[in-house]
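Protein sequences appear in the order of chains A and B.
Heads up, the first sequence is in numbering that gives the first Met the number 0, so the first residue is 0 and it goes up one at a time.
Heads up, the second sequence is in numbering that gives the first Met the number 0, so the first residue is 0 and it goes up one at a time.
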Amino acid sequence: MNRYLIPLFVMIAMISFLLLGLGDGRDPSKLPSQYIGKPAPDFNLPMLTDLSRTLSTSTLKGQVSLVNIWATWCVGCRVEHGFLMELANSETIPIYAINWRDNRSDALNFLGQLGNPYIASGFDRDGRVGIDWGVYGAPETFLINNKGIVVYRFTGPLNRIFWEQEFVPRIAEIEN
Amino acid sequence: MIPEIGHFALILALSLAVCQGVLPLVGAHRDDKALMSVARSTSFGQLFFVMISFGCLIWVFINDDFSVLYVASNSQLSLPTPYKISAVWSAHEGSLLMWILILAIWTAAVAKFNPGIPQKLISRVIGVLGLLSVGFLLFILLTSNPFERLIPAALDGADLNPLLQDPGLVIHPPILYIGYVGFSVAFAFAIAAMISGELDQNWARWTRPWTTLAWLFLTIGIALGSWWAYYELGWGGWWFWDPVENASFMPWLIGTALIHSLAVTERRGLFKSWTLLLAITAFSLSLLGTFLVRSGIIVSVHAFATDPTRGFFILAFLAIVVIGALLLYAWRAPALDSNVGFSPLSRETFLLLNNVLLVIATTLVLFGTLAPLIVEILNGGKISIGAPWFEIAFLIPMIPLVLLLGLGMHTAWRKQSSGPWIRLLRLPAIAAVVIGVALPLMFYERVNLLLIIGCGSAAWIVISSLIQPVRSWSQKKGTAGITRSALGMSIAHLGMGLFVIGVTITSAFGIESDRAMRIGESLEVAGLQFEFRELREVQGPNYKAIEGVLEIRDGGEFIGIVRPQKRQYLVQKNWMTEAGIHPTWNKDLFVALGDEIGDDTWSVRIQYKPMIRFIWIGAFIMAVGGLVTLTDRRYRKVVI
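Here's what the structure looks like:
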C-alpha cells in the first residue's frame, strides 16, 4: 500500500468517529444513563470528612436527593460550586456527593476554602464507584427519588437555568 | 439598521470570498495574469467588509442594543465598556466573526507582504485562503448569525459570564485566535505547492516566517490563558488538561514540529512531504479544536452553547478540507521526496527526533482527549482521563526532547565530526548535572530523581542556548557574529529552559495551606508571617465584594500587602474568587479568601508558589525568540 495514503485513512477514521459521536443525537449535558429508572448503583464509601463513617445507597432512601460527582482537579466543578452552595443554603434538596479520583487533603482544602454544600461526600479515591455509576467526567449530578431510583442525570456544570429547566419539573413530578 | 448593515456586509464579504477562492486558482492554472491579479483586490475588499461587520457588532454592544439576541444574551447595561467590547467575542457567534476577521487580516497581510514570491504561487495561496473563508462565512451566515434580532427587545441583557470579566480574558481569545487561524497560511502554502507539484527550498523560506508568526501568537495566547486560570479560578493551578486547553495545545505542538521541519526543508531540501503533512495537520487540529468547542461533543468550561447543526457543519467542513488536502498529498508527495542522505550525527537527525517526539506528544494528548468519546461510541462504556494521566504520559516524550534539544543546537548540518562536538558539550553537560543536583539542594534543601532531571535538563537547555550568543559577544562581534535566526533560536530555547525550571520547582516545592483565620490573627506559611489586618466591603461597577487585607512580613521586614476578594456580580448573582497575589521574580504569594466560618473568622487559602512566574516568562521569551528570527535578513531579500 502507498504509505502516503496512511494519513488519509487515519483522518477518515477519526472523522467517522466524530460523526458517530454527533450522529446519535447525544448531547453531553443530557447523557443518558443506563441506570435511569433503575435503583442507584450500590455503593458504600468512607466519608471524606471522617473516614470512619460511611456513605452508602441506604443513606439516600426515603428522600428526594441529589448526588453530585466532583473533584478538585475539575474546572467545571469549581464553576458550579457557587450554585451548589446557593442550592444548599436554600435547603431545597439534600445534596450528597461522591468525591471522585481525588486527593483527600486537596478535597478537604477545597471545601474548607469555598464552603461545603454537601450533607456528606463519599471518598472514591480509585474511581470504582464512579465506574459503577457510569460517570463520564466530573461534574455530574444525579437526581434520586425517595425509593432510591435514578430519575435524571445531568453532566457538566450545573447552574440556575439548567436547574429550573431540568430538575425543578422532575422534582415536582416525583412529589405528586 | 446597524445590525442589518453588519449582516449585509457579511454577505458582500462572502461574494468577494467566492471570487477570491475561484478566480486566482483558475488564473494560475491557465497562466492568466489578469485573473491572478484579482487575488490581491478581493482579499482587501473582503477584509474591508468583514471589518465593517465586526465594527457594527461592537457598535451594537457599546450602545446596548438589546433588540439583538446575541447582545441581550451576553451583555448588560452596567457592564463596564471594555467588557462590553470583549463580550463581542465571549460566545459562539461573535467569536466566529472574530475568527473570520482574523482570517481576512492574515490573507490581506499575505497579499500585501510577499516580496519575491512568484505570482502563481501567491495567487494559489490567496485562492486557498479564500476558499477557507467561504467555508467560515457560510457557517456564520447559515447557522450562527450574530445580528439576529430579538423582537420584542429585552429591557436589559443577561450579562457577560463573570468569569470572563477580566482583563486577561479581553486579550486571550484574540491572540489565541491569531495563532490558531495563522496556521491556515502555512496550510495554504502547502496546498499551493501540492497543486503545482513544485516545492523547492525557496518555498520553505517563504512559508517559514508566516508559520513562526502564527506560532508565536499561539504561544502567547496559550500562556495568557494559563495565567488567567491561575489567578481567576482561585486555587493556583496553571494547566488543567481540559479538553479545550488540549485543543489549543495540539496545534501548538504540531506547529512547533512544523517550524523545525521547515528549517530542514529550507536549509537542506529534505523532509518535504513530512513538512507538508505537518502543515496540513497543524491547521486540521485548529479546525478540530473549533469543532470540539462548538459542537457540544465534549463537556468543558470553555464549550459554547450546543447546537447539533453547527457540529455537523464544522465536521463537514473539516472533512472536505482535510480529506481534500490529504488526497492531494497522497497524489503529490511521493514525487517530492529526495534521497539526499545525512549522517547519523547531524542536525537533520536531531530535528527528525524532535519531530518524532513532538508528534508522539501530540498523539498522547489527542488520545487522552478523544479516548472517552471513542470508547463510548464503540461499546457504550465510560472511561475518563484526568490530569494525572496526562502529567505522566506527557513526561515520556518531553524528557528526551529537552535533553536532545541542547545537543541538536550545536550539531552541524549534513555531518558533524564527533571530536569537537564532545569537546564543546562536555563541560555544559557536567555543569548541567551539577546544577541539577545543587540548585534544589541549595535553595530548597531537598532533592530527588525527578528534580535532578527537571533542574538538570533546564540548566542544560539554558547553558547550551547561551553558548552561541555568549561566544559572539565575547569575540566582541556583538550581534554581528550570530545570525538573527540563530539568535532567535537561542532565545526561544532559553525560554523553554526557564519554563522547565518553573514547572519543576513549582510542582516540587509549592506549599498550600488552608486555615481558619480570625481578623487580627497572624499565621506562618513558608517562613513568612501573614497577618489578617481587616475585612471590608468594596463596591465595583457591577459587583460588590468582600475584601480581606493581609500584610506579609518576613521576620520584621515588611514584604507587602495582598487584597483577596470575593465578588458577587449583581446580575447573575454568582460569587467569584479574586485571589490576592504578591508577585516577585522568584515566588508568588497567593491568598484566596474562602467563607466566613464563625465570628470574624474566615477560611483562607495561602499558597507559596516558587518560580511560578518562570512558566509564563519562559513562554513569553519563546515567543520573543520567534519574533527575533522573523527579523533575519534573508526574509527581506527577494532572491537568495
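Quick reminder that beta carbons are idealized off the backbone N, C-alpha and C, glycines included.
Since this is a predicted model, take the numbers as computed values, not measurements.
Query	Result
Give every residue of the same chain whose Cβ lies closer than 8 Å to the Cβ of residue 402(B), excluding the five residues on either side of it in the sequence, and list them in chain order.	456 and 459
Which chain A residues sit within Cβ distance under 9 Å of residue 239(B)?	72, 73 and 74
Please list, in chain order, the chain B residues whose beta carbon lies closer than 9 Å to that of residue 112(A).	233, 234, 513, 576, 591, 592, 593, 594, 602, 603 and 604
For residue 139(A), name the three-state secondary structure that DSSP assigns.	strand
Along the region 365–377 of chain B, what residues have a CB closer than 8 Å to any CB found in chain A?	369, 371, 372, 373, 375 and 376
Using the three-state DSSP reduction, which class does residue 535(B) fall into: helix, strand or coil?	strand
Taking beta-carbon pairs under 9 Å, can you tell me which members of the region 147–175 of chain A lie near chain B?	154, 155, 156, 158 and 159
Tell whether a beta-carbon distance below 8 Å holds between residue 493(B) and residue 464(B).	yes
Taking just the CA atoms, how far does residue 574(B) sit from residue 88(A)?	14 Å
Confirm, please, whether the CB-CB distance from residue 131(A) to residue 44(A) is below 8 Å.	no
Exposed or buried, what is residue 49(A) when buried is set at 16 or more other beta-carbons lying within 10 Å of its beta-carbon?	exposed
Taking the Cβ atom as the reference point for each residue, do residue 48(B) and residue 100(B) lie within a distance shorter than 8 Å?	no
Leaving out the 5 sequence neighbours to the left and right, which residues in its chain are closer than 7 Å to residue 565(B) when beta-carbon positions are compared?	544, 545, 574, 576 and 592
Over what stretch of residues does the alpha helix (DSSP H) that includes residue 131(A) continue unbroken?	127–131
Alpha carbons only, please: which of 29(B), 344(B) and 605(B) is nearest the one belonging to residue 410(B)?	344(B)
Determine the direct distance from the alpha carbon of residue 83(A) to that of residue 65(A), and round the result to whole angstroms.	10 Å
Who are the Cβ neighbours of residue 269(B) in its own chain at under 8 Å, not counting the five residues just before and after it?	263, 337, 339, 341 and 347
Does residue 584(B) pass the burial test, meaning 16 or more other C-beta atoms within 10 Å, or should it be called exposed?	exposed
Taking the Cβ atom as the reference point for each residue, do residue 372(B) and residue 147(A) lie within a distance shorter than 8 Å?	no
Could you check which residue in 317(B), 31(B) and 310(B) has the C-alpha nearest to that of residue 282(B)?	317(B)
Just mark residue 180(A) as buried or exposed, buried being the case when its beta carbon has 16 or more other beta carbons within 10 Å.	The question about residue 180(A) has no answer, for chain A in this structure spans 0 to 175.
Grab me the residues of residue 363(B)'s own chain with a C-beta within less than 6 Å of its C-beta, minus the 5 sequence neighbours each way, in chain order.	392
According to DSSP, simplified to helix, strand and coil, what is residue 155(A)?	coil
Can you check which of these residues, 160(B), 211(B), 168(B) and 634(B), is closest to residue 180(B) by C-alpha distance?	211(B)
Leaving aside the five residues before and after residue 95(B) along the sequence, list all residues of the same chain whose C-beta is less than 6 Å from its C-beta, in chain order.	139 and 143
Among residues of its own chain, excluding the 5 on either side of residue 145(A), which ones have a beta-carbon nearer than 8 Å to its beta-carbon?	60, 61, 62, 63 and 173
Could you name the residues of the same chain whose beta carbon sits closer than 6 Å to that of residue 151(A), not counting the 5 residues immediately before and after it, in chain order?	142 and 169
Which of the three DSSP states is assigned to residue 543(B) in this structure?	strand
Taking the beta carbon of residue 27(A) as the centre, do at least 16 other beta carbons fall within 10 Å, making it buried, or is it exposed?	Since pLDDT at residue 27(A) reaches only 48, below the 50 mark, its modelled position is unreliable, and no value is offered.
Any Cβ of chain A within less than 8 Å of the Cβ of residue 563(B)?	no
Spell out whether any CB of chain B is found under 8 Å from the CB atom of residue 3(A).	yes
Counting along the chain, where does the beta strand (DSSP E) carrying residue 44(A) start and finish?	43–45
Assuming contact is defined by CB atoms lying nearer than 8 Å, are residue 292(B) and residue 243(B) in contact in what I supplied?	yes
Is there a C-beta anywhere in chain B that falls below 8 Å from the one on residue 100(A)?	yes
Per DSSP, what kind of secondary structure is residue 646(B) in: helix, strand or coil?	Because chain B in this structure spans residues 0 to 639, residue 646(B) falls outside the shown range and cannot be described.
Hey, how far is the Cα of residue 24(A) from the Cα of residue 119(A)?	Only weak support exists for where residue 24(A) lies, its pLDDT of 48 falling under 50; the coordinates are left without a value.
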